[in-house]
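Residue numbers (our numbering): 1237 to 1507.
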């Protein structure tokens, strides 16, 4: 670790890599362990542009949140939020309107502990430690009840998250439970690792992650990912390579063309 460890929850197993801490490491964060850095280095050997891919996903987050703000959304639920880094949802949203409210959700205790520290002085943002596969624990949490009004539009984000849910857990049925509680005019943003446009580097990277014995990644096709939006209407340009969704400049994209399409990204609106 490159920071002090007094904030690390005692229950954390530092011998097993975590998706949240791996993502933090790839984004240049400091809240990760040796096992996460070792895994990140192995993934980078297999897929040299993986750090660029993490940055592209972060840029998508900013564009999606700003789009939702432009549509009148003022409250957000970010599931699988990970460890806070630059340009968190609340930073993007509250820069546009300080009244915006944000609830972060992650099951990783390190992500939650650091989020609590970051948000200690922000009464319009909170964090819930929960597994996305238990919607009730999220939707009925104290922080969700305090900060979110489910009678008004909500911006729901699951970025690079659903591909960690195994197919046997029925991610489509799971996401339906979240979509059903949202009010008309709500938005749902997804980025998801794809099996459509796999190249050798990304295949090797996914295999290395899965062999580590921690969280397992499940790449899926365009059709499988599009089905996750249910009856939500995809906004233009639809479900596309995550760097291609409403790109605003070269900083939103990777220098590697394949990396720009390694995950699909899209935003849907509830009629």
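For each residue, glycine too, the CB sits at the ideal point set by N, CA and C.
If you run the structure through DSSP and keep just helix, strand and coil, what is residue i?
i	result
residue 1428	strand
residue 1393	strand
residue 1505	strand
residue 1482	coil
residue 1494	coil
residue 1237	Caution is warranted here: a pLDDT of 39 is assigned to residue 1237, below 50, making its placement in the model unreliable, and no coordinate value can be reported.
residue 1404	helix
residue 1477	strand
residue 1252	coil
Excluding the 5 residues flanking residue i on each side, which residues of the same chain have their C-beta closer than 6 Å to its C-beta?
i	result
residue 1552	Residue numbering for the chain in the displayed model covers 1237 to 1507; residue 1552 lies beyond these limits and cannot be assessed.
residue 1508	As shown, the chain starts at 1237 and ends at 1507. That puts residue 1508 outside it, with no answer to give.
residue 1461	1428 and 1500
residue 1340	1314, 1317, 1351 and 1363
residue 1491	none
How would you label residue i, buried or exposed, when you count the other beta carbons within 10 angstroms and need 16 or more for buried?
i	result
residue 1358	exposed
residue 1334	exposed
residue 1353	exposed
residue 1299	buried
residue 1365	buried
residue 1425	buried
residue 1427	buried
residue 1380	buried
residue 1504	buried
residue 1264	exposed
residue 1392	buried
residue 1281	exposed
residue 1376	exposed
Determine the extent of the alpha helix (DSSP H) in which residue i is found, giving its start and end residues.
i	result
residue 1277	1270-1282
residue 1315	Residue 1315 -> not in any alpha helix (DSSP H); beta strand (DSSP E) instead, spanning 1311-1315.
residue 1301	1286-1306
residue 1325	1325-1332
For residue i, I'd like the list of residues in its chain whose CB is within less than 8 Å of its CB, leaving aside the five on either flank, ordered along the chain.
i	result
residue 1401	1368, 1369, 1407, 1410 and 1454
Just to confirm my understanding: we take residue i, look at its own chain, exclude 5 residues before and 5 after, and list those with CB closer than 7 Å. What are they?
i	result
residue 1343	1365, 1366 and 1367
residue 1320	1350, 1351 and 1354
residue 1250	1269 and 1271
What are the boundary residues of the beta strand (DSSP E) that includes residue i?
i	result
residue 1467	Where residue 1467 is concerned, there is no enclosing beta strand (DSSP E), given that its DSSP letter is neither H nor E.
residue 1342	1337-1342
Just to confirm the assignment: which complete beta strand (DSSP E) runs, minimum length 3, are found wholly within the stretch 1352-1381?
1361-1365
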